[in-house]
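As they're listed, the protein sequences go chains A and B.
Going by the numbering used here, the first residue of the first sequence is number 40, and it counts up by one from there.
Going by the numbering used here, the first residue of the second sequence is number 40, and it counts up by one from there.
Each residue gets a CB set at the ideal place from its N, CA and C atoms; glycine is no exception.
Protein chains: 2
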Amino acid sequence: MIGIDAESRTTHDDHLSVRLWLRMLACTNLVEGRVAGRLRDAFDTTLPRFDFLSQLERHPGGLRMTEISQRMMVTGGNITRIAEQLLNEGLISRSVARDDRRASIVRLTASGRRAFGEMARRHEGWIVETFAGLSEAERTQLFRLLAKLKRHLNAVESAE
Amino acid sequence: MIGIDAESRTTHDDHLSVRLWLRMLACTNLVEGRVAGRLRDAFDTTLPRFDFLSQLERHPGGLRMTEISQRMMVTGGNITRIAEQLLNEGLISRSVARDDRRASIVRLTASGRRAFGEMARRHEGWIVETFAGLSEAERTQLFRLLAKLKRHLNAVESAE
Numbered sequence: 040m041i042g043i044d045a046e047s048r049t050t051h052d053d054h055l056s057v058r059l060w061l062r063m064l065a066c067t068n069l070v071e072g073r074v075a076g077r078l079r080d081a082f083d084t085t086l087p088r089f090d091f092l093s094q095l096e097r098h099p100g101g102l103r104m105t106e107i108s109q110r111m112m113v114t115g116g117n118i119t120r121i122a123e124q125l126l127n128e129g130l131i132s133r134s135v136a137r138d139d140r141r142a143s144i145v146r147l148t149a150s151g152r153r154a155f156g157e158m159a160r161r162h163e164g165w166i167v168e169t170f171a172g173l174s175e176a177e178r179t180q181l182f183r184l185l186a187k188l189k190r191h192l193n194a195v196e197s198a199e
Numbered sequence: 040m041i042g043i044d045a046e047s048r049t050t051h052d053d054h055l056s057v058r059l060w061l062r063m064l065a066c067t068n069l070v071e072g073r074v075a076g077r078l079r080d081a082f083d084t085t086l087p088r089f090d091f092l093s094q095l096e097r098h099p100g101g102l103r104m105t106e107i108s109q110r111m112m113v114t115g116g117n118i119t120r121i122a123e124q125l126l127n128e129g130l131i132s133r134s135v136a137r138d139d140r141r142a143s144i145v146r147l148t149a150s151g152r153r154a155f156g157e158m159a160r161r162h163e164g165w166i167v168e169t170f171a172g173l174s175e176a177e178r179t180q181l182f183r184l185l186a187k188l189k190r191h192l193n194a195v196e197s198a199e
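What follows is the structure, given as structure tokens:
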């Protein structure tokens with residue numbers, strides 16, 4: 040019995056982890072798709088453009104393109120093309136980095152800050168709706184479990 | 040106090056949901072990046088190619104390209120290009136759909152099934168490692184919370 044139990048436990052665990060991963064991926068895709076649809080309908084914009092602006096909003100001193108690229112949370116956007124569009128629309132400005140004249144720094148313009156502020160306010164409402172199916176206690180629990188997962192992943196990455 | 044409490048509660052909730060979403064997105068990105076790196080190192084392949092093959096593995100009778108496209112869990116792959124590559128490598132075959140001669144059906148070849156089986160076995164091991172930072176009880180809890188989130192999202196989507 041011991042041998043069979045150990046084996047069936049392992050199989051069960053493996054299966055649970057794979058199902059867990061597929062479910063996490065499915066949930067992330069559902070939320071991303073929902074937010075992308077809302078951004079398109081309400082602001083005629085995309086998730087990568089929103090993400091790009093939100094990185095700049097968190098860094099009022101501006102960021103280099105390489106830094107934005109590293110900080111982006113969503114994939115699929117061409118960073119250079121997004122920057123050109125946002126420059127043309129007057130939402131961001133570009134200047135030469137003081138310490139490295141080959142690098143350029145982009146930052147939000149006043150108009151970009153206003154536009155992003157409105158998007159972020161609506162975005163927050165959509166996200167609240169999205170997670171409204173969970174109680175506050177369940178959201179806190181999910182937040183903690185994901186934090187633990189993230190710590191484990193960062194620990195194994197740095198150990199490799 | 041009631042007014043202030045209600046307001047601070049709302050702000051706290053909103054903030055928690057946005058932080059929860061960003062954490063879920065970050066975790067998904069970390070796991071995806073990890074699995075993509077392992078697939079590249081071990082099999083010189085990509086996550087979209089793995090995803091494409093895994094959809095076919097679940098449907099031995101084959102799938103139309105449009106069905107594969109709808110079922111893909113990861114973004115960023117060009118489905119048509121992936122199919123051409125896998126055909127050239129002999130991992131999938133293509134035939135005309137019986138009920139619609141304009142549509143083609145792709146399915147795994149015997150060689151594709153073997154190759155995918157080996158990848159899936161390794162993939163399962165990586166995923167088990169990935170979630171090993173959580174106890175079995177925590178994994179079950181996370182699985183249930185994500186299931187509840189998914190049900191809520193599907194319910195609000197179908198109500199819209």
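- Selection A:T179, A:E128, A:D139 and A:A176 evaluated against A154 (chain A) yields A:E128 as nearest (Cα-Cα).
- Contact between M158 (chain A) and F89 (chain A) holds, with the beta-carbon distance rounding to 6 angstroms and staying under 8 angstroms.
- The beta carbons of G151 (chain A) and L130 (chain A) sit closer together than 8 angstroms.
- For a Cβ distance threshold of 9 angstroms, residue set T169, F170, A171, G172 and L173 of chain A lies close to H191 (chain B), ordered along the chain.
- Around the beta carbon of V135 (chain B), fewer than 16 other beta carbons sit within 10 angstroms, so the residue counts as exposed.
- Under the three-state reduction of DSSP output, V113 (chain A) falls in the coil class, being neither helix nor strand.
- Unbroken alpha helix (DSSP H) runs of no fewer than 4 residues, entirely contained in the region 111-153 of chain A, are found at 118-127, following chain order.
- Closer than 8 angstroms to the CB of T105 (chain B) there is not a single CB belonging to chain A.
- At least one CB atom of chain B sits nearer than 8 angstroms to the CB of L69 (chain A).
- With a 10 Å radius around the Cβ and a threshold of 16 neighbouring Cβ atoms, T67 (chain A) comes out buried.
- The beta carbons of L184 (chain A) and E177 (chain B) sit closer together than 8 angstroms.
- Proximity to I118 (chain B) across B:I166, B:L95 and B:L59 peaks at B:L95, based on C-alpha coordinates.
- Excluding five sequence positions before and after R110 (chain A), the CB atoms of its chain that fall closer than 7 angstroms to its own CB belong to Q94, given in chain order.
- With a contact defined as Cβ atoms closer than 8 angstroms, I144 (chain B) and R103 (chain B) qualify at about 6 angstroms.
- Between T84 (chain B) and M112 (chain B), the alpha-carbon positions lie close to 16 angstroms from each other.
- For M158 (chain B), no CB of chain A lies under 8 angstroms from its own CB, so it is not counted at the interface with that chain.
- Flagged as an interface residue toward chain A: R62 (chain B), by a C-beta distance shorter than 8 angstroms.
- Per DSSP, T179 (chain B) is one residue of the alpha helix (DSSP H) stretching across E175 to A198.
- Within chain A, the C-beta atoms nearer than 7 angstroms to that of G115 (chain B) come from T114 and G115, in chain order.
- Between V70 (chain B) and T169 (chain B), the gap from beta carbon to beta carbon is short of 8 angstroms.
- For the 8 angstroms CB-CB criterion, G115 (chain B) and G101 (chain A) do not form a contact.
- Between the alpha carbons of R133 (chain A) and R146 (chain A) lies a distance of about 7 angstroms.
- Under DSSP, L102 (chain B) shares a beta bridge with B:V145.
- In the same chain as R79 (chain A), and ignoring 5 residues on each side of it, the C-beta atoms closer than 8 angstroms to its own belong to T85, in chain order.
- Secondary structure note for D83 (chain A): it is in no alpha helix (DSSP H), with a DSSP letter that is neither H nor E.
- Taken atom to atom, the span from the alpha-carbon of A198 (chain A) to that of A198 (chain B) is near 47 angstroms.
- The Cβ of F182 (chain B) sits closer than 8 angstroms to at least one Cβ of chain A.
- Proximity of chain A to A186 (chain B) at the Cβ level (cut-off 7 angstroms) is accounted for by R62, in chain order.
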